[in-house]
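Q: One structure, pasted below without further comment.
2 protein chains.
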Amino acid sequence: MPPQGRRRRPTQVDIARHAGVSQATVSLVISGGAASDQIAESTRQAVLAAAAELGYSANVAARSLKGGRNHLLGLYTFEPVFPTDQRDFYYPFLLGVEEETAAQGYDLLLFSSVSSAADRSIYAGGANRLKLADGCVLLGRNVRREELNALVQEDFPFVFIGRREVDDGEVSYVGADYVAATSAMVAELHRQGHRRILYLRAIEDTEPTRDREQGYRKGLAAAGLEVDERLIQGLADPADLSAEHVLHWIGNYGVTAILVEPTEDNRLVDALTAMTDSERVRFPEDCSIALLGEPPSWTPELRDWTRFSLPRADMGRAAVGMLVGLLGEAQPAARQLTIPCTFVPGDSIGPAPRGGRP
Amino acid sequence: MPPQGRRRRPTQVDIARHAGVSQATVSLVISGGAASDQIAESTRQAVLAAAAELGYSANVAARSLKGGRNHLLGLYTFEPVFPTDQRDFYYPFLLGVEEETAAQGYDLLLFSSVSSAADRSIYAGGANRLKLADGCVLLGRNVRREELNALVQEDFPFVFIGRREVDDGEVSYVGADYVAATSAMVAELHRQGHRRILYLRAIEDTEPTRDREQGYRKGLAAAGLEVDERLIQGLADPADLSAEHVLHWIGNYGVTAILVEPTEDNRLVDALTAMTDSERVRFPEDCSIALLGEPPSWTPELRDWTRFSLPRADMGRAAVGMLVGLLGEAQPAARQLTIPCTFVPGDSIGPAPRGGRP
DNA sequence: ATCTCCACTTCATACGTATTAGGGATCGTG
DNA sequence: CACGATCCCTAATACGTATGAAGTGGAGAT
Chain S
5 MPPQGRRRRP TQVDIARHAG VSQATVSLVI SGGAASDQIA ESTRQAVLAA
55 AAELGYSANV AARSLKGGRN HLLGLYTFEP VFPTDQRDFY YPFLLGVEEE
105 TAAQGYDLLL FSSVSSAADR SIYAGGANRL KLADGCVLLG RNVRREELNA
155 LVQEDFPFVF IGRREVDDGE VSYVGADYVA ATSAMVAELH RQGHRRILYL
205 RAIEDTEPTR DREQGYRKGL AAAGLEVDER LIQGLADPAD LSAEHVLHWI
255 GNYGVTAILV EPTEDNRLVD ALTAMTDSER VRFPEDCSIA LLGEPPSWTP
305 ELRDWTRFSL PRADMGRAAV GMLVGLLGEA QPAARQLTIP CTFVPGDSIG
355 PAPRGGRP
Chain H
5 MPPQGRRRRP TQVDIARHAG VSQATVSLVI SGGAASDQIA ESTRQAVLAA
55 AAELGYSANV AARSLKGGRN HLLGLYTFEP VFPTDQRDFY YPFLLGVEEE
105 TAAQGYDLLL FSSVSSAADR SIYAGGANRL KLADGCVLLG RNVRREELNA
155 LVQEDFPFVF IGRREVDDGE VSYVGADYVA ATSAMVAELH RQGHRRILYL
205 RAIEDTEPTR DREQGYRKGL AAAGLEVDER LIQGLADPAD LSAEHVLHWI
255 GNYGVTAILV EPTEDNRLVD ALTAMTDSER VRFPEDCSIA LLGEPPSWTP
305 ELRDWTRFSL PRADMGRAAV GMLVGLLGEA QPAARQLTIP CTFVPGDSIG
355 PAPRGGRP
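Those sequence lines, one after another, are chains S and H.
All the letters of the first sequence, read from the start, carry residue numbers 5 to 362 under this note's numbering.
All the letters of the second sequence, read from the start, carry residue numbers 5 to 362 under this note's numbering.
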């Protein structure tokens, strides 16, 4: 006996019975594809009427099990986006993804059910949850490498927002051109007379960090400057950045400018603001400083730090466009797209101080 | 011949063959449920080893096909949320919905694939798209009544954010208490000496508007004031609100205070700002003014209008909680929940001018 | 009248998993 | 030795859809 509490949702079989045809006919009418013009108009109408009357809607699971498309794109983030202050950073990506998904005629499936950080796994419960969607956009800094590898091995169609690499195989991505942007930032500082430029990088060795370092070295080379490895400093937590640090670098290394890699949250900006407020070191009079990226949100009362900004919504849109492209191909090959960043002049860099160490 | 381009992912059958057991045994081991302690330890290990070696991951589609539920909650908005400036209004709802959805262990399906306003129908394509999800949260002001009716008839589980009524049957909703909030606003104005209070309502006769009007009448009654029907004015577009209007009301009707129903976009605030800038009428010196709700986003440089604000994220969370509750019931009955609004004092109301008409 | 052809519809099956009823050993017991 | 009991496993089936093959009936041709 079927459960009588919640009425079972109607299936194609129900419609078929109701309209006096076979389930196969219903399928042909509903999915409306190539073979559907084989159906007589009267039959088609009868089926549609029955479907409307019974309130039919296709079962996604069955459809995608069969191998067909269900017109869902997934969005999966490796970090929790919504509850934290990171959301200000990720929201523009989401916007772009959402917008383009709608424009392409897909619906968006937000993978978010995680009870704890440990559960934040694509393969939670032994299953690749992403497979519910036709393809997936991935996002986030703290990638689980083994999962990314597995995804590539399964060759599930996905596009990463941000450049990513895996050991074997290639990842499709839409990335920001950190190399060029960082290099340009070095060039600008060099133009203003700086010769001792410190690069403050994240500890983790992720692609975005590697790209910035590469841009730093490239920029120095282009300017004809030597790389002093002591000027590449790792910082576990940008909140640790203090006036003491900066004064030490100025005094001991002759540093006149600092490039800082920001985080997706507000820690870096908070640290900078604290430093400014302490008035122990002035930017850019004592030292120029520029951000290799853009903190989450920019409110007008915040200081206009020199930086470059990512076209986040554009990247989201481009990722969806690429994904839909991949889905259309029989033998999809990985694609890569790099989008330039925008230089934001700001007011935290200036000419190198004259009194610097020679 | 299997397609060699996209390699087929291993299934339980593959593992079974590999481990020399049956598919059923694999399923028992993998899903690990109640009956899995029936399996000999040696067999279990063999299966797990084979699964690991082949890189098995369960197929969600098949799993949820078998089970009926797919652990998806839908979010459908009757207005386009993302590309417009309305998004600032709807975003907090989305936040709450997303957060609670994740907390409840569901994924969120955003229905957004609409190419035109005409397509913005639940029943586009003759099928109820919402049914892709186990249940759905609905949102938006411009509801399609006939669709809402149909949804209720189908008894598809859904919760509306905002109070809604249908002709027959009951809608589950999480609404804001506009009646109490508006009534309280009237009381506050009365306390400050106002006797001639104009209510500027939306033209459309939706529940939120009706509730505000009810609160207005209730507030007047509680203050012992008569209702002058001329003081209830409809405004098709809040952008039409001008200094001329206000001066006319002050001069001809003796109005000393105005209550305005805001829109989800920035039109009302723009109109108010324009009026303030024109300096033809001053708030609150010439006339007090308060908003019956809250415009999309509040940036610090914006004037601090007196208003009340909706606990939008809370409403989103509550809606999801209610929906999950409904899904858990065998015979779900409609539920209603009303959440109080917060009074924001602001600076646009003050004591009634003395020189007003008696 | 028989055959062909065409337009339309149905049959049969596959997709991958969960589950229930039961089958085949092995063991203990009478 | 026969019989049930126990343990471990498998066969069979259902879930809802899509699709290539096969079938049906009627119109037209021979």
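Where is the CB? At the ideal position from N, CA and C, for every residue including glycine.
Is glycine 297 of chain S close to chain H? Criterion is C-beta to C-beta, closer than 7 angstroms.
A: Within the first sequence, residue 297 of chain S is the residue found at index 293, counting from 1. False, the Cβ-Cβ gap to chain H never drops below 7 angstroms.
Q: Scan the stretch 106 to 118 of chain H for residues whose Cβ lies nearer than 9 angstroms to a Cβ of chain S and list them as they occur along the chain.
A: Within the stretch 106 to 118 of chain H, the qualifying residues are Ala106, Ala107, Gln108, Gly109, Tyr110, Asp111, Leu112, Leu113, Leu114, Phe115, Ser116, Ser117 and Val118.
Q: Given 8 angstroms as the limit, is there contact between the stretch 251 to 269 of chain S and the stretch 46 to 58 of chain S, that is, 3 or more CB pairs closer than that?
A: No, the stretch 251 to 269 of chain S is not in contact with the stretch 46 to 58 of chain S.
Q: With a threshold of 7 angstroms between beta-carbons, can valine 156 of chain S be considered close to chain H, or not?
A: Reading the first sequence from its first residue, position 152 is the one you call residue 156 of chain S. No, valine 156 of chain S does not count as interfacial toward chain H.
Q: In its own chain, which residues sit with a C-beta less than 7 angstroms from the C-beta of glycine 350 of chain S, not counting the 5 before and 5 after it?
A: In the first sequence, counting from the first residue as 1, residue 350 of chain S sits at position 346. Asp308, Trp309, Thr310 and Arg311.
Q: Pair every Cβ in the stretch 200 to 212 of chain S with every Cβ in the stretch 233 to 245 of chain S, then say whether three or more of these pairs are closer than 8 angstroms.
A: Yes, they touch.
Q: Put arginine 195 of chain H into one of helix, strand or coil per three-state DSSP.
A: By 1-based counting over the second sequence, the position of residue 195 of chain H is 191. Residue state, collapsed to three classes: helix.
Q: Note down, one range per segment and in chain order, each alpha helix (DSSP H) of at least 4 residues found wholly within the stretch 274 to 343 of chain H.
A: Listed in chain order, the complete alpha helix (DSSP H) runs (minimum 4 residues) inside the stretch 274 to 343 of chain H are 316 to 332.
Q: Taking its Cβ as the centre, do 16 or more other Cβ atoms sit within 10 Å of threonine 29 of chain S, making it buried, or is it exposed?
A: Here residue 29 of chain S corresponds to residue number 25 of the first sequence, with the count starting at 1. Under this definition threonine 29 of chain S is a buried residue.
Q: Given a cut-off of 7 angstroms, decide if arginine 195 of chain S and alanine 247 of chain S are closer than it, judged by their beta-carbon atoms.
A: As a working mapping, residue 247 of chain S is identified with position 243 in the first sequence. As a working mapping, residue 195 of chain S is identified with position 191 in the first sequence. Not in contact: alanine 247 of chain S and arginine 195 of chain S (Cβ atoms no closer than 7 angstroms).
Q: Quick check: the stretch 155 to 171 of chain H against the stretch 329 to 336 of chain H, are there 3 or more CB pairs under 8 angstroms?
A: Result yes; three or more Cβ-Cβ pairs closer than 8 angstroms.
Q: Regarding arginine 284 of chain H and the ligand GDP, is the C-beta to nearest heavy atom distance less than 6 angstroms?
A: The ligand GDP is absent from the structure shown, which contains no ligand whatsoever.
Q: When burial is assigned at 16 or more other CB atoms within 10 Å of the CB, is proline 344 of chain S buried or exposed?
A: Taking the first residue of the first sequence as 1, we reach residue 344 of chain S at position 340. The residue is exposed, with fewer than 16 neighbouring Cβ atoms inside 10 Å.
Q: Ends of the beta strand (DSSP E) at isoleucine 236 of chain S?
A: Within the first sequence, the letter at position 232 stands for residue 236 of chain S. Residues 236 to 239.
Q: With 7 angstroms set as the bound, which would you pick, yes or no: does the beta-carbon of arginine 13 of chain H sit closer than that to a beta-carbon of chain S?
A: What you label residue 13 of chain H is simply residue 9 of the second sequence in a count that begins at 1. Taking Cβ atoms only, chain S reaches closer than 7 angstroms to arginine 13 of chain H, which makes this a yes.
Q: Run through DSSP, which three-state label would arginine 205 of chain S get?
A: Reading the first sequence from its first residue, position 201 is the one you call residue 205 of chain S. Of the three classes helix, strand and coil, the one that applies to arginine 205 of chain S here is strand, per DSSP.
Q: If we count the other Cβ atoms within 10 Å of its Cβ and call it buried at 16 or more, is threonine 81 of chain H buried or exposed?
A: Here residue 81 of chain H refers to the residue found at position 77 when the second sequence is read from its first residue. When all chains shown are included, threonine 81 of chain H counts as buried.
Q: Are the beta-carbon atoms of alanine 137 of chain S and leucine 77 of chain S separated by less than 7 angstroms?
A: Taking the first sequence and counting its residues from 1, the one referred to as residue 137 of chain S is at position 133. Taking the first sequence and counting its residues from 1, the one referred to as residue 77 of chain S is at position 73. Taking 7 angstroms as the Cβ cut-off, alanine 137 of chain S and leucine 77 of chain S qualify as a contacting pair.
Q: By Cβ distance, which residues of its chain are closer than 6 angstroms to glutamine 108 of chain H, with the 5 residues on each side in sequence left out?
A: Residue 108 of chain H sits at position 104 when you count from the first residue of the second sequence. Excluding sequence neighbours, glutamine 108 of chain H sits near Val328.
Q: Based on the DSSP output, what are the partners of glycine 139 of chain H in its beta bridges?
A: In the second sequence, the residue the question calls residue 139 of chain H occupies position 135. In DSSP, glycine 139 of chain H forms a bridge with H/Leu77.
Q: Within 7 angstroms of any Cβ in chain S, is that where the Cβ of valine 64 of chain H sits?
A: The residue given as residue 64 of chain H occupies position 60 in the second sequence. So yes, valine 64 of chain H belongs to the interface.
Q: Does glutamine 16 of chain H pass the burial test, meaning 16 or more other C-beta atoms within 10 Å, or should it be called exposed?
A: Against the second sequence, residue 16 of chain H aligns to sequence position 12. It counts as buried.
Q: With a 10 Å radius around its C-beta and 16 neighbouring C-beta atoms as the bar for buried, classify valine 141 of chain H as buried or exposed.
A: For the purposes of this step, residue 141 of chain H is taken as residue 137 along the second sequence, with counting starting at 1. With 16 or more Cβ atoms within 10 Å of its Cβ, valine 141 of chain H is classed as buried.
Q: Given that serine 68 of chain H touches chain S, what residues does it touch there, using C-beta distances under 7 angstroms?
A: The residue you call residue 68 of chain H lines up with position 64 of the second sequence. Residues of chain S passing the Cβ test: Ala65.
Q: Using a Cβ-Cβ cut-off of less than 8 angstroms, give me the residues of the stretch 42 to 60 of chain S that come near chain H, in sequence order.
A: Going along the stretch 42 to 60 of chain S in chain order, one finds Leu52, Ala55, Ala56, Gly59 and Tyr60 with a Cβ nearer than 8 angstroms to chain H.
Q: In three-state terms, what does DSSP make of phenylalanine 347 of chain H?
A: Within the second sequence, the letter at position 343 stands for residue 347 of chain H. Residue state, collapsed to three classes: strand.
Q: For alanine 227 of chain H, does the three-state DSSP call read helix, strand or coil?
A: As a working mapping, residue 227 of chain H is identified with position 223 in the second sequence. Coil.
Q: Which one of S/Ile293, S/Val273, S/Glu230 and S/Gln49 has the shortest CA to CA distance from alanine 243 of chain S?
A: If you number the first sequence from 1, residue 243 of chain S lands on position 239. Taking only the C-alpha atoms, the option nearest alanine 243 of chain S is S/Val273.
Q: As a quick exercise: from H/Glu45, H/Met319, H/Ala356 and H/Ala23, pick the residue whose alpha carbon is nearest that of isoleucine 201 of chain H.
A: In the second sequence, residue 201 of chain H corresponds to position 197, counting from 1. Out of H/Glu45, H/Met319, H/Ala356 and H/Ala23, H/Ala356 has the C-alpha closest to the C-alpha of isoleucine 201 of chain H.
Q: Establish whether the CB of asparagine 74 of chain H and some CB of chain S are separated by less than 7 angstroms.
A: Against the second sequence, residue 74 of chain H aligns to sequence position 70. With 7 angstroms as the cut-off, asparagine 74 of chain H counts as an interface residue toward chain S.
Q: In three-state DSSP terms, what is tyrosine 177 of chain H?
A: Locating residue 177 of chain H in the second sequence gives position 173, counting from the first residue. Strand, per DSSP.
Q: Kindly list, in the order they appear in chain S, the residues whose Cβ is closer than 9 angstroms to that of glutamate 268 of chain H.
A: Counted from its first residue, the second sequence places residue 268 of chain H at position 264. By Cβ distance, chain S contributes nothing, its closest Cβ being about 17 angstroms from glutamate 268 of chain H, past 9 angstroms.
Q: Is proline 96 of chain H closer than 7 angstroms to arginine 316 of chain H when the C-beta atoms are compared?
A: By one-based count along the second sequence, residue 316 of chain H stands at place 312. By one-based count along the second sequence, residue 96 of chain H stands at place 92. Contact: yes.
Q: Under a three-way DSSP split, which group does aspartate 111 of chain S fall into?
A: Sequence index remark: in the first sequence, residue 111 of chain S carries index 107 (1-based). Looking at aspartate 111 of chain S - three-state DSSP - the assignment turns out to be strand.
Q: Pick helix, strand or coil for leucine 251 of chain S, following the three-state DSSP scheme.
A: Start at 1 with the first residue of the first sequence, and residue 251 of chain S comes out as number 247. Looking at leucine 251 of chain S - three-state DSSP - the assignment turns out to be helix.
Q: Please determine, among S/Asp92, S/Arg48 and S/Ser31, the residue with the shortest C-alpha to C-alpha distance to proline 299 of chain S.
A: Looking up residue 299 of chain S in the first sequence gives position 295. Among S/Asp92, S/Arg48 and S/Ser31, the Cα nearest to that of proline 299 of chain S belongs to S/Asp92.
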